Structures are given as structure tokens and as C-alpha cells.
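Every letter in the sequence shown is one number past the one before it in numbering that gives the first Met the number 0, and letter 151, counting from 1, is 150.
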Amino acid sequence: MAGHSHWAQIKRKKAAQDAKRGKLFTKLIREIMVAARMGGGDPSANPRLRAAIQAAKAANMPKENIERAIRKGTGQEPGTTWEEATYEGYGPGGVAVLIKSVTDNKRRTVSELRHIFSKCGGNLAEPGAVAWVFEQKGLILIDRQGTDEEKLLETALEAGAEDVREYESEFEIITLPEDLESVKKALEDAGFIIQSAKVTMVPKSTVKIEDEKTAQQMLRLMEALEDHDDVQQVYANFDIPDELMERVGANI
Numbered sequence: 000m001a002g003h004s005h006w007a008q009i010k011r012k013k014a015a016q017d018a019k020r021g022k023l024f025t026k027l028i029r030e031i032m033v034a035a036r037m038g039g040g041d042p043s044a045n046p047r048l049r050a051a052i053q054a055a056k057a058a059n060m061p062k063e064n065i066e067r068a069i070r071k072g073t074g075q076e077p078g079t080t081w082e083e084a085t086y087e088g089y090g091p092g093g094v095a096v097l098i099k100s101v102t103d104n105k106r107r108t109v110s111e112l113r114h115i116f117s118k119c120g121g122n123l124a125e126p127g128a129v130a131w132v133f134e135q136k137g138l139i140l141i142d143r144q145g146t147d148e149e150k151l152l153e154t155a156l157e158a159g160a161e162d163v164r165e166y167e168s169e170f171e172i173i174t175l176p177e178d179l180e181s182v183k184k185a186l187e188d189a190g191f192i193i194q195s196a197k198v199t200m201v202p203k204s205t206v207k208i209e210d211e212k213t214a215q216q217m218l219r220l221m222e223a224l225e226d227h228d229d230v231q232q233v234y235a236n237f238d239i240p241d242e243l244m245e246r247v248g249a250n251i
């Protein structure tokens, strides 16, 4: 999964660019509205809303924007009705791709996603085609620089983490979704600085890509999907070797 670590770094750089042009705010606001509509406007009783608010604050979204999105989600203010939709597909090389979206027009969204897949050497698939490849997990990222690996491993596992993975620039701590908050708190109490902590979809198996053209197509597909306004999250099970990822990722 080393390639995924490099892709995560590319995405974080892109997220900074998205924040500057307002795209990130748009996606965060939609998530807050959907979370509030589905689980109510009280973040203490709505874990999904609480996580969405934390993400918005981390992106420096003004408090009034957050509060307005909650009011629109709960129907206290008029606003667009957003719906969740999940799409599945295959990328170049048979890579499984799972897309979580929030849209006000499912027909438009599916048409546009089908076009993106086709343009990038993949295809949109039927529901259930690839969802089984992924499982929901908690994911905590910690910067590797200056981190005591032995202490991190001991603290994380004692707190209930399932696994700790080491990459070139960071550590990934994998938990059950329900254990994410308790493991995060244990790590913070032990003095570790958390880069991010979220519930995500982790692939059970991976597809290795070693051909440069296929790798470029795959990353362009990921880029195009994540850049779509209706797309909130994209998960894929590609594994591109570090050297190849660095080479093709620089051009994405």
C-alpha cells in the first residue's frame, strides 16, 4: 500500500489548493447539511455531524458558514436538498473504485461519472460490483518525523488499534470505526500529534500497477473523480510502487 501513502500526500497538497479556490468549502458544507438532515443538528448526539464540523474547522471555515449549513440541513433555513449516492466502477488494470457522492441530481451525476471513467480508461459498474473489496475502518495519520515508533506501536495497540503501518513520511493507525475516538484520545494523551483521524474505506486486497501508462491513467481518473463537485470521497485498491508513483504523480 506504499503507493497509497504517496497518493495521500498528493491529495493533501491538492486539498490546500482546493481550499484556496473554495472547492473544499463547497464539499464540506454539503457534508454538514446531509449529516444534519440525517442525524439532527446537535453534534454531541450526531457523530457524523461532529466529524464534519471538525473537518470544516480544520479547513478554517468561518463559524457562521458551519452554523448556516446546519440550519439548512435541519430545514430551519431554505436550501438545496442534497442526497447521498454511492457509485462503483473499474479503473485501468481492473482497479476497484468506490465513490461516495452528495448530489441534487443523481441522473446528472451518474452521466458525468460515466464520462470520466470512459475518458480515463475505466468503466462505471453495477451496484455491488466492487463494494465487497472495501471495509470500513478508522484511520489515524501521524507524521513519522520525530515520532517514537516503539512508543507509538505500544500505545496504539494497547488502546485497541488493529494495526500500525509505517511509510516513508508517516504512520497509519488502523482501528475499528467504533474505536477511532478512543484510540485517537489515547495517542493524544501520550503526546502524539494527530495529522488526521477519520472513518474511511480500506481495501481488503490490492491491484499492483507497474506499467507507467496504466499508472498515469489511474491517477488521472482519481484526480478527475475527486475534482467533481458532487464527489465527496473516492476509494481505490491500486498499489503503485513508490518510484513509479513519484514519477507519474508529479505530472498529475
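Think of the CB as a built atom: it goes at the ideal place given N, C-alpha and C, for glycine as much as any other residue. None of the values given here were measured: they were computed from a predicted structure.
Proximal residues to residue i (C-beta, below 6 Å), its chain only, five neighbours per side dropped
i    : result
L220 : G90, C119, G121
G257 : Nothing can be reported for residue 257: it is not among the residues displayed for the chain, which extend from 0 to 251.
Q232 : K99
L243 : A214
R29  : W81, V101
P240 : none
G2   : Any reading at G2 is ruled out, since the residue's pLDDT is 43, under 50, leaving its predicted position unreliable.
S117 : none
G78  : K71
N45  : G38, G39
K105 : A84
V109 : none
Sub-8 Å separation of residue i and residue j beta-carbons
i    : j    : result
G190 : T174 : no
T80  : D103 : yes
D178 : G137 : yes
V182 : I192 : no
L27  : A54  : yes
M200 : Q135 : yes
G93  : V206 : yes
L156 : F170 : no
L186 : T154 : yes
Q194 : D162 : no
V33  : E111 : no
R107 : L123 : no
T25  : D226 : no
E148 : E165 : yes
L42  : I52  : Reading the sequence as shown, one finds Pro at residue 42 and not Leu. Taking 8 Å as the Cβ cut-off, P42 and I52 qualify as a contacting pair.
Same chain, Cβ closer than 8 Å to residue i, five either side skipped, listed in chain order
i    : result
V132 : A95, L97, P202, K203, S204, N236
E76  : R67, R70
K56  : I65
G127 : E87
DSSP bridge partner residues for residue i (one or two, in chain order)
i    : result
I193 : I141
F24  : F24 is not bridged to any residue.
E157 : DSSP lists no partner for E157.
G121 : Per DSSP, none; premise fails for G121.
E149 : In the DSSP output, where bridge partners are listed per residue, E149 has none listed.
V163 : I172
Q135 : M200
D238 : K207
Q232 : K99
Residues of its chain near residue i, where Cβ-Cβ distance is below 7 Å and the 5 sequence neighbours each way are ignored
i    : result
R223 : Going by the sequence as given, residue 223 is Ala instead of Arg. Here the set comprises I115, C119.
K184 : none
V230 : I98, S100, L224
V247 : E211, A214, Q215, L218
A130 : E87, L97
*May I have a chain-ordered list of the alpha helix (DSSP H) segments no shorter than 4 residues that lie completely inside the region 28 to 73?*
46 to 57, 62 to 72
*What runs of the beta strand (DSSP E), each 3 residues or longer, lie entirely inside the region 76 to 112?*
82 to 89, 95 to 102
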